[in-house]
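I have placed the structure first, in the form of structure tokens, so that the comments after it can refer back to it.
Residue numbers (the working numbering): 1066 to 1230.
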């Protein structure tokens, strides 16, 4: 689910927010855990099997959605999962799609990089870290709308003293 906040209150400071939830096909495949649990419980009682299967199916889908990381730009910070960094410490975001994104997620992935990579999401943003004291040289982040996320990061990098037009 991707939400770009444009009409947010001024005090919230949220410019961009996206939840990297699994694709619909992955959620449907995960829901198959319910019937499998029902088959396991069927020898005991049909009612228990139906209730147990429904609980397992809904529970697995809920866990996948609730456990999905969030990518956001708010209050001058870039947040990817549980990590956050001041936008002024980031370089120019690089938008990667297709084969370039696949290579960036694969053989070119620096083990020191902070990465939030999700299968089924094609777009990737590679953002260099300009802070010399930071051991993380680059952030690699999956996103469904890399152009919007890059624009939000650029907007957060503008100093707050710049007058609005």
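Idealized CB from N, CA, C, for every residue including glycine. The structure presented is a predicted model; accordingly, all values stated were derived computationally and were not measured.
Item                                                                                                                                                          : Value
Classify residue 1213 as helix, strand or coil using the three-state DSSP reduction.                                                                          : helix
Name the one or two DSSP bridge partners that residue 1193 has.                                                                                               : 1203
Cα-Cα, which of 1153, 1190, 1150, 1220 is closest to residue 1169?                                                                                            : 1190
Helix, strand or coil: how does DSSP classify residue 1165 here?                                                                                              : helix
Going by other Cβ atoms of all chains shown within 10 Å of its Cβ, with 16 needed for buried, is residue 1218 buried or exposed?                              : buried
What does DSSP give as the partner residue(s) for residue 1135 in the beta ladder?                                                                            : 1084
Does DSSP put residue 1115 in a helix, in a strand, or in coil?                                                                                               : helix
Using the rule of at least 16 other Cβ atoms within 10 Å of the residue's Cβ for burial, across every protein chain shown, is residue 1109 buried or exposed? : exposed
Using the rule of at least 16 other Cβ atoms within 10 Å of the residue's Cβ for burial, across every protein chain shown, is residue 1094 buried or exposed? : exposed
From residue 1208 to residue 1176, what does the alpha carbon distance come to, in whole angstroms?                                                           : 20 Å
Which residue or residues does DSSP assign as beta-bridge partners of residue 1145?                                                                           : 1136, 1148
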